[in-house]
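39 is the number of the first residue of the sequence shown in our numbering; add one for each residue after it. Comments concern the structure below.
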Amino acid sequence: MKNSFCFHKIAAIVLLLIVANVTNAQTTVFNTVTGQVVNINNGNSSTILPPLSSPGVQIVVDNGWNNDYVGNIGQDGSTFYAQSFIATTSTITKFGVLIQEDGAEGQVILAIVAEDGSGKPNTAAPLYEGTLINPTTTAAWYFESDINIPVTIGQKYYVLIDGYNNAGATGISKIGTSNTQTNSGESFLYSNDPVGYWNEFGYYLAIYVEGGTAVVPVSYWPVIIAFALIGLLTLFGFRRKFAKAIH
Numbered sequence: 039m040k041n042s043f044c045f046h047k048i049a050a051i052v053l054l055l056i057v058a059n060v061t062n063a064q065t066t067v068f069n070t071v072t073g074q075v076v077n078i079n080n081g082n083s084s085t086i087l088p089p090l091s092s093p094g095v096q097i098v099v100d101n102g103w104n105n106d107y108v109g110n111i112g113q114d115g116s117t118f119y120a121q122s123f124i125a126t127t128s129t130i131t132k133f134g135v136l137i138q139e140d141g142a143e144g145q146v147i148l149a150i151v152a153e154d155g156s157g158k159p160n161t162a163a164p165l166y167e168g169t170l171i172n173p174t175t176t177a178a179w180y181f182e183s184d185i186n187i188p189v190t191i192g193q194k195y196y197v198l199i200d201g202y203n204n205a206g207a208t209g210i211s212k213i214g215t216s217n218t219q220t221n222s223g224e225s226f227l228y229s230n231d232p233v234g235y236w237n238e239f240g241y242y243l244a245i246y247v248e249g250g251t252a253v254v255p256v257s258y259w260p261v262i263i264a265f266a267l268i269g270l271l272t273l274f275g276f277r278r279k280f281a282k283a284i285h
């Protein structure tokens with residue numbers, strides 16, 4: 039009875055080690071720039087299992103529309119509008135703005151950009167750039183979704199409305215504004231210069247940004263080793279019982 043108790047106790051400890059390994063794997067350091075796991079084996083290859091679950095979704099910014107607009111942006115208007123926000127998640131999975139065509143066709147592109155070295159939007163190297171949007175004459179929200187843009191929590195980024203890098207586009211659009219600032223506390227910037235000479239406007243753009251926290255895959259080998267230990271302990275327990283039965 040005593041030996042049986044010890045065996046069950048050891049097996050329970052091994053199972054707890056498996057759970058601890060899964061928990062630790064999910065909190066492994068994640069490189070939000072490259073999107074890769076920072077392995078404890080200094081980058082050497084390792085066998086991993088798929089993530090245990092899908093990342094949770096969080097709203098980063100949703101400052102609401104005040105039923106007003108600012109214009110005009112597009113092929114025949116301003117080159118860029120940019121509204122800053124602070125990343126509170128390690129990835130951006132969806133973002134959007136409210137757009138209304140103000141002159142056919144009013145086509146623009148939505149993008150996410152980081153800051154450049156001078157503290158302005160880095161339009162030369164967008165982190166993500168969508169396809170050409172052809173808005174309607176009725177105001178509507180337009181989103182870029184089903185995306186996965188790695189960002190650094192606590193750093194500033196911009197939702198960029200691009201009215202310049204849109205070959206074949208025509209017309210102008212106006213963009214919905216908000217009475218509420220984003221979590222950066224800054225009003226939006228606009229540029230009428232292709233190289234990005236920026237001006238600050240005394241309004242906030244209405245933006246929506248959604249994100250998630252990346253789930254790190256669980257290491258495969260520690261789980262195999264743990265189950266192997268359980269198997270050995272089980273075999274050891276059976277052998278002891280068999281030896282007692284003989285004697």
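Virtual Cβ for every residue (Gly too), placed ideally from N, Cα, C.
To which residues of the same chain is residue i closer than 8 Å at the C-beta, ignoring the five residues directly before and after it?
i    : result
N101 : S216, T218, Q219, T220, Y242, A244 and I245
V110 : Correcting the residue type first, residue 110 is Asn in the shown sequence and not Val. The residues are S116, D140, G141, I210, S211 and K212.
Q96  : T126, T127, E248, G249, G250 and T251
Which residues in the same chain have their Cβ closer than 7 Å to the Cβ of residue i, if we skip the five residues on either side of it in sequence?
i    : result
G112 : G144, Q145, V146, G201, A207, G209, I210 and S211
F226 : Y119, A120, Q121, F239, Y241, Y242 and L243
V99  : F123, T220, N221, I245, Y246 and V247
A152 : N160, L165 and Y195
Go through its chain and collect everything with a Cβ distance to residue i's Cβ below 6 Å, but skip five positions before and after it.
i    : result
K158 : W236
G141 : G209 and I210
P88  : Below a pLDDT of 50, predicted positions are generally treated as unreliable, and P88, at 37, falls in that range; the measurement from the model is reported next regardless. Closer than 6 Å at Cβ, skipping near neighbours: no residue.
G134 : W179, Y180, F181 and Y246
Going by alpha carbons, who is nearest to residue i out of the options?
i    : options                   : result
Y107 : G214, G249 and E248       : G214
I187 : T161, F226, K132 and L170 : K132
Y180 : T190, V189 and T169       : T169
L148 : L136, G155 and D154       : L136
K194 : E182, E224, A177 and N172 : E224
Y228 : A205, V197 and N204       : V197
N172 : D154, Q138, D231 and N230 : Q138
Let me check you understand the geometry: is the CB of residue i closer than 8 Å to at least one non-hydrogen atom of the ligand NAD?
i    : result
N221 : Although the ligand NAD was asked about, the structure shown includes no ligands whatsoever.
Tell me, which residues are paired with residue i by DSSP?
i    : result
A142 : A142 pairs with nothing; no bridge assigned.
V135 : Y180 and I245
Q121 : V197
Y228 : Y119 and N237
T218 : Its beta-bridge partners do not exist; DSSP assigns none.
K212 : G109 and Q138
A152 : Y195
P114 : Looking at the sequence shown, residue 114 is not Pro but Asp. Its beta-bridge partners do not exist; DSSP assigns none.
T129 : P188 and G250
Y202 : Per DSSP, none; premise fails for Y202.
V99  : V247
Distance, Cα to Cα, residue i vs residue j?
i    : j    : result
T129 : D184 : 12 Å
S156 : P164 : 16 Å
N160 : I150 : 9 Å
T61  : G234 : Summary for T61: the model assigns pLDDT 43, below 50, so the residue's position carries little reliability, and this model does not support an answer.
I191 : I199 : 22 Å
N204 : A177 : 21 Å
T175 : N104 : 18 Å
D114 : D231 : 12 Å
D154 : Y166 : 15 Å
V189 : A162 : 17 Å
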